[in-house]
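Everything on this sheet refers to the single structure shown next.
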Amino acid sequence: MKIFLCSLLWYLFFYTYCLAQTYTYAHYDTKDGLAGSTVYGMAQTRDGFIWFGTETGLSRFDGIHFKTFSTADGLPSNEILTLFLDSKGRLWMSPFKNAVCYYANGKIHNQENDSTLKKIDISSIIYGIGESSKGDILIQQFFNTTIVTADNHVKKCAIGVGKPSVRVPYPFTIRSAVGVIVANLVEMPAEIREKIKPDWLYIGKAQHSNNLYYVFQNNEAIKMINAKENLTKTIPKRSTILLLNNHEYAVCPPSNGTEILDLVRKGSFEGYFKDCRVHFVMKDIEQNLWFSTQGLGVFKVNRNRFKNLFITDEKEAIDIRDIHKFGPDIYIGGFNNHYWKVKAVDDLFFRRETLKKPISFLSDRAFLLAIPDHTIIHNGSSDFLNLKRLEPDSLSVLKTTLSFGDTLLAAGNWGVFLISKKQDRILKKIYSGRATCAYKQDGTYYIGTFDGLYEMGPDQKIIFIGDRFPQFKSSTSSFTESSDGTLWIGNADNGVWGLRRGKIIAAFNLKNGLNSNLCRSLFAYENKLWVGTEKGLNEIDISPGTYR
Numbered sequence: 007m008k009i010f011l012c013s014l015l016w017y018l019f020f021y022t023y024c025l026a027q028t029y030t031y032a033h034y035d036t037k038d039g040l041a042g043s044t045v046y047g048m049a050q051t052r053d054g055f056i057w058f059g060t061e062t063g064l065s066r067f068d069g070i071h072f073k074t075f076s077t078a079d080g081l082p083s084n085e086i087l088t089l090f091l092d093s094k095g096r097l098w099m100s101p102f103k104n105a106v107c108y109y110a111n112g113k114i115h116n117q118e119n120d121s122t123l124k125k126i127d128i129s130s131i132i133y134g135i136g137e138s139s140k141g142d143i144l145i146q147q148f149f150n151t152t153i154v155t156a157d158n159h160v161k162k163c164a165i166g167v168g169k170p171s172v173r174v175p176y177p178f179t180i181r182s183a184v185g186v187i188v189a190n191l192v193e194m195p196a197e198i199r200e201k202i203k204p205d206w207l208y209i210g211k212a213q214h215s216n217n218l219y220y221v222f223q224n225n226e227a228i229k230m231i232n233a234k235e236n237l238t239k240t241i242p243k244r245s246t247i248l249l250l251n252n253h254e255y256a257v258c259p260p261s262n263g264t265e266i267l268d269l270v271r272k273g274s275f276e277g278y279f280k281d282c283r284v285h286f287v288m289k290d291i292e293q294n295l296w297f298s299t300q301g302l303g304v305f306k307v308n309r310n311r312f313k314n315l316f317i318t319d320e321k322e323a324i325d326i327r328d329i330h331k332f333g334p335d336i337y338i339g340g341f342n343n344h345y346w347k348v349k350a351v352d353d354l355f356f357r358r359e360t361l362k363k364p365i366s367f368l369s370d371r372a373f374l375l376a377i378p379d380h381t382i383i384h385n386g387s388s389d390f391l392n393l394k395r396l397e398p399d400s401l402s403v404l405k406t407t408l409s410f411g412d413t414l415l416a417a418g419n420w421g422v423f424l425i426s427k428k429q430d431r432i433l434k435k436i437y438s439g440r441a442t443c444a445y446k447q448d449g450t451y452y453i454g455t456f457d458g459l460y461e462m463g464p465d466q467k468i469i470f471i472g473d474r475f476p477q478f479k480s481s482t483s484s485f486t487e488s489s490d491g492t493l494w495i496g497n498a499d500n501g502v503w504g505l506r507r508g509k510i511i512a513a514f515n516l517k518n519g520l521n522s523n524l525c526r527s528l529f530a531y532e533n534k535l536w537v538g539t540e541k542g543l544n545e546i547d548i549s550p551g552t553y554r
């Protein structure tokens, strides 16, 4: 048995009338402990810490807390522009002054306390830091380049961003880099060398369809070069180009916003934070995206990207009560009797900063007949299924509706009803009290109430299951059925219970890993049970054989 907690909000779709961005993110700023609101460079070290270079210090983030380093800890300046992690685990930093330092083994090594760094003469702001395949560190400056060899010798080459045409007798095979490196410093095949210009700056290497590209930039474009083709993308002048992996790169223009482009999907891109000046973009080891900004701290966009599916024209809050996919369309039920239909989400939807256009939808007999068997719909007191038209008083406040065959099982404030889809009418009222949910399994009806769980068999007798199982004496909130025939029952104060062939075969609550005993809703698919609570979404492994 395994329970995995997902840090998701249970309300998967939250709508704001004037919402500008269409993806979900976490935001960190000085109020959370970040050293400064203007953040330049970012890097993640092997121990999982994420580091941020800000205008007022260096911040280290463990996922919950920030720790700040300053000149009191050995930084040459509190304003840190560039961060670069080398293969030895050293975190190199360039501050906003002619200096360099690195963090290793709990200490900041600078040009005063480190014998190797003392030999380095930094004559300008650092434009890039890279590492060769042999472990040499390249520190790119305007008029020259400093090399710290793997055995801690210091050399200087008279080639820099301001003197890019100087030829180097032994170019370097670059393992990784941040910022830019002059092209003439980089080892590359002759057929690549003859295609480039000396003032192009080397960004890194990219892979697409087994083709290796060398990536460069000049003042106006990104150049991706291999022996067979040259790919060019025009970019705003003075943009920063950042390779995120071997096929994705970010373009950060001097104006607001940033784009991430994917070589695997030629021409596809994702736009982010169009109202923010973005300095740097990185992916952490979990493939989450991080964005550092001018004056707004940092933003984290999770790997599993969430976007608003649509924004309505309604000016009041729109509470989503139910989401289902029937055929090619997604149907979304809201409060105030609203029902919408929207085309199913595909990969392109997540790669464009656009919204789906919803269509207001009115449920009718044909739609009810098309609802698949064993689909349970959470009405949440809303009439988006348009059932109140059949009997305004009895069906005015429904909680759940289960579809089976030609029949609907509707539970609500005024009882539990069987409704004929074909005849468009109530067939029978099977329970007269207030119900929270209802489900039919084989020939037995299960009725959830605020007082507990009832069942009604083929003999039409209603029995209180709480007398047999005290666990079911509390308010019942939801049902779902897994493929092995287990009926999963959610309670409002003691978690989730599995009932099979008249026996309790499983229980999930705070004691064994559920993040709350207050179950809101359930969904079973294949060998997973999803449990929604007021504290988030739980994924539970219910593989066959686990509970037998």
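Just so we're aligned, residue 7 is where the sequence shown starts under the working numbering, counting upward by one. A virtual CB, placed ideally from N, CA and C, is assigned to each residue, including glycine. Model, not experiment: these values are computed from the prediction.
Residue i, enclosing alpha helix (DSSP H) - first and last residue
{"i": "Glu197", "result": "Ala196 to Arg199"}
Coarse secondary structure for residue i, derived from DSSP in three states
{"i": "Leu207", "result": "strand"}
{"i": "Ile266", "result": "strand"}
{"i": "Gln27", "result": "Because the pLDDT of Gln27 is 45, which lies under 50, any placement of that residue in the model is unreliable, and the question is left without a value."}
{"i": "Leu15", "result": "Confidence at Leu15 is low in this model, with a pLDDT of 30, below 50, so the placement of that residue should be treated as unreliable; the coordinate-derived value is given next. Coil at Leu15, not helix or strand."}
{"i": "Asn217", "result": "strand"}
{"i": "Thr122", "result": "coil"}
{"i": "Ile247", "result": "strand"}
{"i": "Phe478", "result": "helix"}
{"i": "Lys239", "result": "strand"}
{"i": "Asn342", "result": "coil"}
{"i": "Lys446", "result": "strand"}
{"i": "Lys349", "result": "strand"}
Boundaries of the beta strand (DSSP E) in which residue i is found, first to last residue
{"i": "Ala372", "result": "Unbroken run through Ala372 is the alpha helix (DSSP H), Arg371 to Ala376; no beta strand (DSSP E)."}
{"i": "Gly101", "result": "Reading off the sequence shown, one finds Pro at residue 101, where the question assumed Gly. Taken as a continuous stretch (DSSP letters only), the beta strand (DSSP E) holding Pro101 covers Leu97 to Pro101."}
{"i": "Glu226", "result": "Premise fails: Glu226 is in no beta strand (DSSP E) and is neither H nor E."}
{"i": "Gly458", "result": "Gly458 to Met462"}
{"i": "Leu295", "result": "Leu295 to Thr299"}
{"i": "Tyr108", "result": "Cys107 to Ala110"}
{"i": "Thr151", "result": "Thr151 to Val154"}
{"i": "Gln146", "result": "Ile143 to Gln146"}
{"i": "Val192", "result": "Where Val192 is concerned, there is no enclosing beta strand (DSSP E), given that its DSSP letter is neither H nor E."}
{"i": "Leu516", "result": "It is not in any beta strand (DSSP E) - Leu516 carries neither H nor E in the DSSP assignment."}
{"i": "Tyr133", "result": "First-last for Tyr133: undefined, no H or E at that position."}
{"i": "Leu433", "result": "Arg431 to Tyr437"}
{"i": "Asn497", "result": "Leu493 to Asn497"}
{"i": "Asn232", "result": "Run containing Asn232: none; DSSP gives neither H nor E here."}
{"i": "Glu397", "result": "Segment: none, Glu397 is in no beta strand (DSSP E) and carries neither H nor E."}
{"i": "Val535", "result": "The sequence as given places Leu at residue 535; Val does not occur at that position. It spans Lys534 to Thr539 - the beta strand (DSSP E) in which Leu535 sits, taken as one unbroken run."}
{"i": "Leu368", "result": "Counting along the chain, Leu368 falls outside any beta strand (DSSP E), and DSSP gives it neither H nor E."}
Where residue i falls, given that 16 or more other Cβ within 10 Å makes a residue buried
{"i": "Gly339", "result": "buried"}
{"i": "His384", "result": "buried"}
{"i": "Ala350", "result": "exposed"}
{"i": "Ile70", "result": "exposed"}
{"i": "Thr22", "result": "Caution applies to Thr22, whose pLDDT of 28 falls short of 50 and renders its modelled position unreliable; the value that the coordinates give is listed next. Label assigned to Thr22: exposed."}
{"i": "Leu524", "result": "buried"}
{"i": "Tyr337", "result": "buried"}
{"i": "Glu540", "result": "exposed"}
{"i": "Asp281", "result": "exposed"}
{"i": "Lys8", "result": "A caution first: Lys8 carries a pLDDT of 40, below 50, which makes its placement in the model unreliable, though a value can still be read off. Classification of Lys8: exposed, given that the 10 Å Cβ count is below 16."}
{"i": "Asn544", "result": "buried"}
{"i": "Lys161", "result": "exposed"}
{"i": "Gly496", "result": "buried"}
{"i": "Glu235", "result": "exposed"}
{"i": "Asn190", "result": "buried"}
{"i": "Glu292", "result": "exposed"}
DSSP bridge partner residues for residue i (one or two, in chain order)
{"i": "His556", "result": "Any answer about residue 556 is impossible in this case: the structure gives the chain only from 7 up to 554."}
{"i": "Thr179", "result": "BP columns for Thr179 are empty, so no partner."}
{"i": "Trp420", "result": "Paired residue(s): none; Trp420 is not in a bridge."}
{"i": "Ile382", "result": "Leu408"}
{"i": "Phe58", "result": "Met48 and Ser65"}
{"i": "Ile511", "result": "DSSP, once it has assigned bridges, lists no residue as partnering Ile511."}
{"i": "Cys282", "result": "Answer by DSSP bridge pairing: none, since Cys282 is not bridged."}
Beta-carbon gap between residue i and residue j smaller than 8 Å
{"i": "Val304", "j": "Val45", "result": "yes"}
{"i": "Leu87", "j": "Gly59", "result": "yes"}
{"i": "Ile382", "j": "Leu408", "result": "yes"}
{"i": "Lys263", "j": "Phe279", "result": "Inspection of the sequence shows that residue 263 is occupied by Gly rather than by Lys. Yes."}
{"i": "Ser480", "j": "Asp465", "result": "no"}
{"i": "Thr74", "j": "Leu89", "result": "no"}
{"i": "Ala212", "j": "Val221", "result": "yes"}
{"i": "Gly501", "j": "Phe514", "result": "yes"}
{"i": "Asn116", "j": "Gly80", "result": "yes"}
8 Å Cβ cutoff, residue i in contact with chain B
{"i": "Phe332", "result": "Among the chains in the structure shown there is no chain B, since it carries only a single protein chain."}
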